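Data first, discussion second: the structure below is written as structure tokens.
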Amino acid sequence: KKAVDSAIQKLRSQEGNKNHESSAETPSTPKTPIELAIDLILHDFEMAEVEPISTYVDFGEREFLVADERGYEHLLYKMVENFLFTSEGKIMDSRLKLNTVVREVQHSRNGVLVSTEDGCLYEANYVILSVSIGVLQSNLISFTPPLPRWKMEAIRNLDVMVYTKIFLKFPYKFWPCEPEKEFFIYAH
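Residue numbers for the sequence shown follow the UniProt record's numbering, so the first one is 1 and each next one is one higher.
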């Protein structure tokens, strides 16, 4: 524990010094088994994401698992009923394009023109584009006019993280239920 705490403190002081030095020192490769263990812990728990995002917070005694046999998509269909055409719980609206590779979005006072990989053109007053941050960072989609600088900065500064969501349901609670209790949930 002492070695790990010391390594974390050293890492934080190096990060603080990076802002004050013109050339940052390259981190050394772990040479001993203890350095390798510390490196593993630092990368797994300290480097992944900021703490409030990467830790589990106990929200109390309430049940949050949704086990609806209709699946999560039923909630989506209920939400879109207000603005898309649906029939018997299914989205029938031709304006919704799923699994379509977008190559260009042109926005003007007259509306939006979207070009797709298969050569189709779609015109609309408004467009909701739901692509991953990785797609936005790779510049696979051309925007005309270009996205504002503040938005491009935000896109560049976000990291693409790999996560696996695992939901477990136990027959009884075996964990402590104190308020503000945090748990690391790590799948390897």
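For every residue, glycine included, the Cβ atom is placed at its ideal position computed from N, Cα and C. Since this is a predicted model, take the numbers as computed values, not measurements.
Residue 145 holds the alpha-carbon nearest to the alpha-carbon of residue 109 among 85, 131, 140, 145. Ranking 150, 111, 118 by CA distance to the CA of residue 127 puts 111 first. In terms of CA proximity to residue 106, 123 leads the group 119, 123, 99.
In summary, residue 102 is buried, with 16 or more beta-carbon neighbours lying within 10 Å of its beta-carbon over all protein chains present. Taking the C-beta atoms as reference points, residue 83 is found no nearer than 8 angstroms to residue 92. In terms of CA proximity to residue 129, 97 leads the group 159, 97, 152, 155.
In its own chain, leaving out the 5 sequence neighbours on each side, no residue places its CB closer than 6 angstroms to the CB of residue 35.
Spanning the alpha carbons of residue 169 and residue 157 requires a straight line of approximately 36 angstroms.
Every alpha helix (DSSP H) of 4 residues or more that sits fully in the UniProt domain "Amine oxidase" (57-177) is shown, in chain order, as 73-80, 133-137, 149-157. When only Cα atoms are considered, residue 150 and residue 136 end up about 14 angstroms apart. One thing to note: residue 160 has its Cβ within 8 angstroms of the Cβ of residue 134.
With fewer than 16 other beta carbons inside 10 angstroms of its own, residue 166 counts as exposed.
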